[in-house]
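Beneath this line is the structure, given in structure tokens, with notes to follow.
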Amino acid sequence: MDSKRFTKKFSVIFLILVLLASLGSVSATGILASPGGFHLTMTTPQTYQGTLTVENIGTNTLNVTIDKKRLQIDNVNLLFSDVGIATWISLNQTNFILTPNQKVEVPFTVNVPSSVNYYDAMGALVVRGYPLTNTTQQGNSSLSSMQVQQVPEIVVPITVGLPGAIVESLQLVDHSTPSFLLNLMKSSFVYHVKNNGTVYANMTGDVDIKGWFSEHHLSMDGGVYPDDQYYLKTSWEPGITDFGLYDAKTTIKYGRVNQTQTLTTDDKIFVFPVWLIVLIVLGVTVWIIRKKDIKSPIKIRIEKK
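Residue numbering for the sequence shown is 78 to 382, as defined by this note's numbering.
This is the structure in structure tokens:
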């Protein structure tokens, strides 16, 4: 019996040690890329040549890959695509092996086509480091060992500003606002916008909520590149004293430098007070008790001495 307990305890301890060892190898892997980003301002469509330095700062040998992408980012999602600026970027080296403490300089070129008008564009070099898989040889067969591995990833942004006509155009594609709320019930306001212009759009949004007896103000902000989409988000939680019909007017101001353009939308929100629900429930309960002449199961007897 003692030998079985010892074997069971030893197996548990051995499993814990194996897991700790594998997790330790995960934290040891890592890569470093410099500089952290590139901002290019071009007076005419031209070619830019730059260099990205990638270093292995971990203790494991890494298989490094570099991808060129168009970067689409908002306060909800980070997306990569292979169109637009991604087709302007070319890399001399996209895959290589890095031993610990080794550095590699990777030249790249941004070649802007002459047909492109004024355009604020954001691309990225996505650097990933994959730890090399250990293998064990058994006779003529090669078996891969199972490991818990973390793949480091670095996104190096490349922003490009080009000459041409400035067109500021933002479209409100869709929006979602609550129509019915209860007190202390939090709800989101989401505004889906698309940049149809040729320049980057800085945005600020204001939502003015006006009711019978109270007013509230919500704010939000963000930015979107040409031909990209963005989700402006904010939220509201009615207080215990809020009730009735509210008018929610949203104003989104945007522009590359000065926010002189606007988008507006109006919505109606009805807030039903929780305390009224409680009063209705209590009233119905009392009415049922009186109608059916329900007597309390608890009797109190008072005796005089």
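Just so you know, even glycine gets a beta-carbon here, dropped at the ideal spot from N, CA and C.
Residue pairing from DSSP leaves V160 without any beta-bridge partner. Going by DSSP, L359 is part of no beta strand (DSSP E) but of the alpha helix (DSSP H) stretching over V351 to K368. Sequence-distant partners of S291 (beyond 5 residues in either direction) whose C-beta falls short of 8 Å from its own C-beta, in its chain, are G316, T318 and D319. The C-alpha of N133 is placed about 30 Å away from the C-alpha of V160.
Per the Cβ contact rule, the segment 336 to 355 is not in contact with the segment 289 to 303 (fewer than 3 Cβ pairs under 8 Å). Taking 8 Å as the cut-off, the beta carbon of E230 is found no closer than this to the beta carbon of V187.
For L309 and L258, the gap between their C-alpha atoms comes out near 21 Å.
Of the candidates S158, L139, N154 and T138, the residue whose Cα lies closest to the Cα of R147 is S158. DSSP places A198 within a strand segment (E or B) once states are collapsed to three. When DSSP states are grouped into helix, strand and coil, Y268 belongs to the strand group. The criterion of a C-beta distance shorter than 8 Å is not satisfied by T328 and T311.
Excluding the 5 residues flanking it on each side, Q336 has same chain C-beta neighbours closer than 7 Å at N279, T281 and K330, in chain order. Between P303 and V270, the C-beta gap is not smaller than 8 Å, which leaves the two residues out of contact. DSSP places A242 outside any beta strand (DSSP E), giving it a letter other than H or E.
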